[in-house]
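Engineer:
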Amino acid sequence: MEAVANTARAAISPSASINIPPPSADGIWSQRLRDGREVRLKLSTPCFEQEQRGPCTVLVYALQGNAVVDNGMGYRVTGQAVLDGATRAFLDVKCQLEWVGPVTP
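Residue numbers (my numbering): 113 to 217.
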């Protein structure tokens with residue numbers, strides 16, 4: 113889940129100081145998990161709403177895409193990220209993974 117959240121942060125704010133490599137030319141993000149497995153992610157992160165939360169204006173981004181772990185296990189990715197409108201700081205990132213089954217090359 114941490115890899116997905118970090119990829120979402122990097123996709124929304126490429127200049128943020130998140131220590132993950134940039135995506136490949138086809139938009140696929142690849143990361144090595146702590147246990148040594150590789151996860152490949154393709155995420156779309158459109159900003160779908162600006163709202164007022166207390167005294168702050170926030171930007172809400174939708175997260176949607178796919179993840180493959182070690183070229184075998186496939187997942188659908190959904191979620192959202194909330195950023196402070198003034199500072200662009202991440203206030204919350206929620207991701208859900210839904211297993212979709214084995215992926216064949």
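Built from N, CA and C at the ideal position, the CB exists for glycine as well.
If you draw a straight line from the C-alpha of residue 116 to the C-alpha of residue 153, how long is it?
Structural biologist: Taking the straight line joining both Cα atoms gives about 8 Å.
Engineer: If you reduce the DSSP assignment to three classes, tell me which class residue 144 lands in.
Structural biologist: Strand, per DSSP.
Engineer: Closer than 8 Å is the cut-off here; do at least three beta carbon pairs connect the region 165 to 175 with the region 139 to 147?
Structural biologist: These segments do not touch.
Engineer: For residue 199 versus residue 173, is the C-beta spacing smaller than 8 Å?
Structural biologist: Cβ atoms of residue 199 and residue 173: not closer than 8 Å.
Engineer: Using 10 angstroms around the beta-carbon of residue 146, count the other beta-carbons present and answer buried if the total reaches 16, otherwise exposed.
Structural biologist: Answer is exposed; the Cβ neighbour count stays below 16.
Engineer: Whole-angstrom Cβ separation of residue 193 and residue 132, contact assumed at under 8 Å?
Structural biologist: Rounded, the Cβ-Cβ distance is 15 Å, inconsistent with contact.
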